[in-house]
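Scroll down for the structure; my scribbles are underneath it.
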Amino acid sequence: MAKASSCQRLSIKKYPNRRFYDSTRSCHVTLDQIHQLIRTGHDVQITDSKTGQDITVAVLSQILLELDSFKLSWFPNSLLHHVIRNDEPMVREFMDVYFNQAFEWFLQSRQSMEQQMRQMMGLGATMAQPPGEPAVAPGPDADGLGDLNQRLADLAENMQHMQERLTTPRPSA
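Dropping the structure here:
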């Protein structure tokens with residue numbers, strides 16, 4: 002997933018005509034643009050322009066339903082049934098404490114595992130980025146592929162020399 006070059010929290014107002022105004026950057030945005038901003042690492046806070054009420058959850062839910070509906074299949078039916086059936090404070094506490102924390106741990110452990118695999122493969126360590134942090138633009142060989150390509154070329158050359166030695170007849174003693 003791409004990260005924003007300047008990750009920040011954006012304040013967005015939703016007007017009665019269903020238009021969104023990004024007051025942080027002083028421009029109108031569409032639901033699709035909000036979706037892309039979130040995908041690139043921005044956090045958003047969306048308020049109703051008339052009431053000032055925070056409607057971020059409703060708009061994020063709308064984005065999931067309209068633009069990322071395939072992601073809803075990630076949630077088992079039984080979990081969705083429990084969310085609908087149970088009272089809001091209990092579900093909110095569960096989501097905040099267990100689900101959100103478990104997801105953060107998953108992202109951190111995946112990042113740590115990727116970094117360890119890169120080190121074991123000799124690709125060099127990459128800077129770990131906490132979730133939501135802007136990515137540092139990599140240099141021309143920040144991913145270590147140049148070194149890996151050189152190692153592969155050396156390996157291919159060594160294999161060719163070995164094949165030549167195997168196919169060259171040996172003098173009889």
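Take 2 as the starting number for the sequence shown in the working numbering and just add one per residue. Note that the Cβ used here is the ideal one computed from N, Cα and C, for glycine as well. Note that the structure is a prediction, hence the values are computed from the model and not measured.
Beta-carbon gap between residue i and residue j smaller than 8 Å
i, j, result
"residue 56", "residue 36", "no"
"residue 44", "residue 10", "yes"
"residue 12", "residue 46", "yes"
"residue 92", "residue 84", "yes"
Top-ranked residue by Cα proximity to residue i, from the options
i, options, result
"residue 122", "103, 110 and 152", "152"
"residue 69", "39, 84, 157 and 95", "39"
"residue 124", "110, 105, 103 and 150", "150"
"residue 61", "31, 154 and 117", "31"
"residue 104", "90, 76, 154 and 120", "76"
* In chain order, which beta strand (DSSP E) runs of at least 3 residues are fully inside the stretch 27-69? -> 28-30 and 44-49
* Does the pairing of the stretch 7-17 with the stretch 32-51 give three or more beta-carbon distances under 8 Å? -> yes
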